[in-house]
Structure formats: structure tokens, C-alpha cells
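Asker:
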Amino acid sequence: MHLITTNIGQQAPLYTCKAHIFQVDPDTRKYWIQLSTNAVNVQIFHDSLKHVYRILSVDGAKVFINTIITNRMNFTKTSQKFCQWVDSKANQVYGLGFANENDLTKFINKFITIKQAAKHALRSRSVNTKRISHSEIGWSIQSNEFDHSLELKKENAHLKLALVQSSNNVKSWQEELEILRNNNVKLTTALQESHANVEEWKKQLHFYRDECSRLRQMVFNRRSASDEQVNETKGMKNADLCRKEHEQKILQLENQAQHYTKQIHSLKDRLIKTETINQDLRNELQKRTLQDSNLNGTSSRSSNRNIQQLVRLRDLFELKTNDFNHSLTSKSQDLQQLCSQITQIITEF
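Adding 17 to a residue's 1-based position in the sequence shown gives its number in our numbering.
Here it is as C-alpha cells:
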């Protein structure tokens, strides 16, 4: 092994990548064992001494992988970042964990290319083997039998790996089934609680609806009462305005009535004075008429003149008396109209 690694270490690798290295537990064949604690270099070399291609991974003095690439070797991609293969010579199953799917794809593509090159080299060697001796042919037959045995071991390893994966899958499915059962119980409990909450919410909703209807009715009643109060206030204001207008009209009419009453009283006083003067003039006229008749012509001219003056005065006073009577009648009618208006206004009010 040291000679191989020394010889290969002198050559440049054909491909290099970093990955975590795993190996199936050789005792139980059920679990993966992590060989590297961190991602290490995984390289593909060409062994010029044996004319083969190898997958090597060495970290210091530790050799994690030393696998010869054969034409029957296959890589199995089990996830986006993990692949595995069987080393039939070492009777081991290796796995590589990459950082991303792109690195895994590059590694598999490079492996396929190297595998094709290994097939071509194998064909070239098979042509050369036709020239070897019978002993070498016998050795080749033994080698083929050994390869067949290796193939059987490889298939056995594949079956063991499938069994390991099946066991792991069964365990994982059992765990998932238990988780689903627990989740089902939780969901059933939550569903029952939600049903109870829904019933409680329905009761609260019904209560809030009734309360909302009651508050709406209260608001409507208050608005109606407020509108009635506003209407009453407006009616009272209008009534006050009408009352003030009527009072103002009544006051004006009363003032006019008082004015007419004063005028009537003044006219009555003047009429009384005029009638008194007129009566005095009549008496004086009668008196002088009697005196004139007794005198029989004495100073007839002066008497006639006095009589004529008295007659004119009497006529004048009678005319004034008639005017006073007419004015008094007119003022009395106006006063009656004012009284009627006052009475009508008071009745309407």
C-alpha cells in the first residue's frame, strides 16, 4: 500500500474534489460509519505500474479509500448530495457526501469518463494477452474465475446494502407513522376545542347582535325625542315670534286707539264749548229780537245790523259744530275699527 501511494503521489491527479467519507459498518452491515470528521480530498489517479485507475483519499497517514475502478463498478446516487459504490475487492461499501448536487454530478461524470478509459485499456490488454503462453492463459482463466467470485461478492454486498437500506427505511417509516399518529391525536383534540370555541363564539355573536339592536333602538328613540324637542323648540320659537308680533301690533293699535281717544275727548270738549257758545248766541239773539220788537223801529238799522251779525255768528258756530260732529263721528268710526282689529288679533293669538 505504501509503494502504491508513493508511486501515485508522484503523479498529478486526474480529478480532485472534497467530500465527507462514509463506510457501511462491516460487522452489522446496517449503519453508516463516518470515516472523516471533515470534508477531505477525494482524487482519481492513474496507476502506471498496474495500468489501472484508482479512487484515493488520504489524510496524512490515514488512507480512507483505495478503490480500483473496474468496468463493472457503478455509482448509486441515493440523494441530491450523496452517492455510494461497492468495492468488491475490499468487500466494503463506501459513500461520499458532497456540499451540493453540482459537485456530486461532476464527480459521477468524471467517474463515467474514467470508467470508459478503463474499459479501453482493458480491451488493449486483452489483445496483448493472446500472445502469452499457455501458463499465462491458465492464469487468466483463474483470474476470470476470481473476477466471477468478486462479482458474486459484489452482488452480495449490494443485497446487504439493500437490506440495510430497507431496515433503515422501515425504522424511519415507523417513526413517521408514530409522528403521524401523535399529530392525528393533536389535530382531533384541536378540532374538538375549535368546535367548542365555535359554539361559544355563536353565543357571543347572538348576544352582540341583540345588544347592537337594542343600542340602535335606543339611538333611534333618542333621535326621535331629539327631533321632537327640536320641533317643539322651533314651534315655541315661532309661537314666541308670532306672540311678539301680535303684541307689537296690539301695542301699536292701542297707541293709535289712545291717540284717537284723546282726539275724540278733545273734540268733545270743543264741541261742548261750541254748543255752549252757540246756545249763548241763540239766547242772546232771542233776547235782542224781543228787545227789538219792543222798541218798534227805534234804531232799527243798528238792530238789524246786530241781528245780522248774530245770525252770521250763529251760522258760523253751527257750521263749526257740524264740522266737529262730522270729525267726531269719523274718529269714533276709526276707534271702533281699531277696537275690532285688536279683538281679532287677540282672538287669533
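Here a beta-carbon is modelled for each residue, glycine too, at the ideal position from N, C-alpha and C.
On the criterion of 16 or more Cβ atoms from any shown chain inside 10 Å, does Asp-61 qualify as buried, or is it exposed?
Answerer: In the sequence shown, residue 61 corresponds to position 44, counting from 1. In the sequence on display, residue 61 carries Ile and not Asp. It is buried - the Cβ of Ile-61 has at least 16 other Cβ atoms within 10 Å.
Asker: In its own chain, which residues sit with a C-beta less than 6 Å from the C-beta of Leu-330, not counting the 5 before and 5 after it?
Answerer: Residue mapping note: residue 330 aligns to position 313 of the sequence shown, counting from 1. Excluding residues within five positions, the ones whose Cβ falls inside 6 Å are Leu-298.
Asker: Would you identify the three-state DSSP class for Ile-38, choosing helix, strand or coil?
Answerer: The residue you call residue 38 lines up with position 21 of the sequence shown. Strand at Ile-38.
Asker: Can you give the Cα-Cα distance for His-212 and Arg-233, rounded to whole angstroms?
Answerer: To locate residue 212, count along the sequence shown from 1; it is residue 195. To locate residue 233, count along the sequence shown from 1; it is residue 216. Taking the straight line joining both Cα atoms gives about 31 Å.
Asker: How far does the beta strand (DSSP E) with Thr-84 in it reach, from first residue to last?
Answerer: Here the question's residue 84 lines up with position 67 in the sequence shown. It spans 79-85 - the beta strand (DSSP E) in which Thr-84 sits, taken as one unbroken run.
Asker: What number of angstroms, rounded off, separates the C-alpha of Lys-94 from the C-alpha of Pro-30?
Answerer: The residue labelled residue 94 in the question sits at position 77 within the sequence shown. The residue labelled residue 30 in the question sits at position 13 within the sequence shown. If you take the alpha carbons of Lys-94 and Pro-30, they lie about 23 Å apart.
Asker: How would you call Met-18, buried or exposed, if buried means at least 16 neighbouring beta carbons within 10 angstroms?
Answerer: In the sequence shown, counting from the first residue as 1, residue 18 sits at position 1. At Met-18, the pLDDT of 48 sits below 50, so the modelled position is not reliable and the matter cannot be decided from this model.
Asker: Just list the beta strand (DSSP E) runs in the segment 92-132, keeping only unbroken ones of 3 residues or longer that don't cross its boundaries, in chain order.
Answerer: 99-104 and 109-114, all fully within the segment 92-132.
Asker: With a threshold of 7 Å on Cβ separation, who are the neighbours of Ser-349 within its own chain once the five nearest residues in sequence on each side are excluded?
Answerer: Numbered from its first residue, the sequence shown carries residue 349 at position 332. Result list for Ser-349: Ile-281, in chain order.
Asker: Count the CB pairs spanning the segment 45-56 and the segment 117-130 that are closer than 8 Å, and state whether there are at least three.
Answerer: No: fewer than three Cβ pairs fall under 8 Å.
Asker: Less than 8 Å between the CB atoms is what I'm expecting for Gln-97 and Gly-112, so what's the real figure, rounded?
Answerer: Walking along the sequence shown from the start, residue 97 turns up at place 80. Walking along the sequence shown from the start, residue 112 turns up at place 95. The Cβ separation is near 14 Å, so there is no contact.
Asker: Taking Thr-130 as the reference, give the member of Arg-322, Tyr-70 and His-276 with the closest Cα.
Answerer: Translated into the one-based positions of the sequence shown, residue 130 becomes position 113. It is Tyr-70.
Asker: The beta strand (DSSP E) that contains Ser-74, what's its start and end?
Answerer: Numbered from its first residue, the sequence shown carries residue 74 at position 57. Unbroken beta strand (DSSP E) run through Ser-74: 69-76.
Asker: Mapping the DSSP letters down to three states, classify Asp-244 as helix, strand or coil.
Answerer: For the purposes of this step, residue 244 is identified with residue 227 of the sequence shown, where counting begins at 1. Helix.
Asker: Taking only the alpha-carbon atoms, compute the straight-line gap between Ile-21 and Glu-168 and give it to the nearest angstrom.
Answerer: To locate residue 21, count along the sequence shown from 1; it is residue 4. To locate residue 168, count along the sequence shown from 1; it is residue 151. With a pLDDT of only 48 at Ile-21, under 50, the local geometry of the prediction cannot be trusted, and no value is derived from it.
Asker: So Ile-82 and Ile-38 are supposed to be a Cβ contact under 8 Å. How far apart are they, rounded?
Answerer: Here residue 82 refers to the residue found at position 65 of the sequence shown. Here residue 38 refers to the residue found at position 21 of the sequence shown. That pair is a contact at about 6 Å.
Asker: Should Thr-23 be labelled buried (16 or more other beta-carbon atoms within 10 Å of its own) or exposed?
Answerer: As a position in the sequence shown, residue 23 is number 6, starting the count at 1. Because the pLDDT at Thr-23 is just 48, under 50, the model does not fix this residue reliably, and the value given afterwards should be weighed accordingly. Label assigned to Thr-23: exposed.
Asker: Whose C-beta lies closer than 8 Å to the C-beta of Glu-118 among residues of the same chain, with five residues either side of it excluded?
Answerer: Counted from its first residue, the sequence shown places residue 118 at position 101. Excluding positions up to five away in sequence, the list reads Gln-97 and Lys-98.
Asker: Please list, in chain order, all residues of the same chain as Glu-292 whose beta carbon is under 6 Å from its beta carbon, the five residues on each side excluded.
Answerer: As a working note, residue 292 is residue 275 in the sequence shown. Cβ within range, chain order: n/a, list empty.
Asker: Let's see if you can read the secondary structure: which residues bound the beta strand (DSSP E) around Asp-64?
Answerer: As a working note, residue 64 is residue 47 in the sequence shown. 57-64 is the extent of the beta strand (DSSP E) around Asp-64.
Asker: For Thr-206, does the three-state DSSP call read helix, strand or coil?
Answerer: In the sequence shown, the residue the question calls residue 206 occupies position 189. Note: Thr-206 maps to helix in three-state DSSP.
Asker: What are the start and end residues of the beta strand (DSSP E) that includes Gln-28?
Answerer: Numbered from its first residue, the sequence shown carries residue 28 at position 11. It is not in any beta strand (DSSP E) - Gln-28 carries neither H nor E in the DSSP assignment.
Asker: Pull up the distance between the alpha-carbon of Ile-267 and that of Asn-248, whole angstroms please.
Answerer: By 1-based counting over the sequence shown, the position of residue 267 is 250. By 1-based counting over the sequence shown, the position of residue 248 is 231. Using only the alpha carbons, I get a separation of about 28 Å.
Asker: Of all the options Val-181, Gln-209 and Cys-229, which has the alpha carbon lying nearest to the alpha carbon of Ile-50?
Answerer: The count along the sequence shown starts at 1 and reaches residue 50 at position 33. Ranking the options by Cα distance to Ile-50, first place goes to Val-181.
Asker: Would you mind stating whether Ala-256 and Leu-352 have Cβ atoms separated by less than 8 Å?
Answerer: Taking the first residue of the sequence shown as position 1, residue 256 is located at position 239. Taking the first residue of the sequence shown as position 1, residue 352 is located at position 335. Their beta carbons are not under 8 Å apart, which means Ala-256 does not touch Leu-352 by this criterion.
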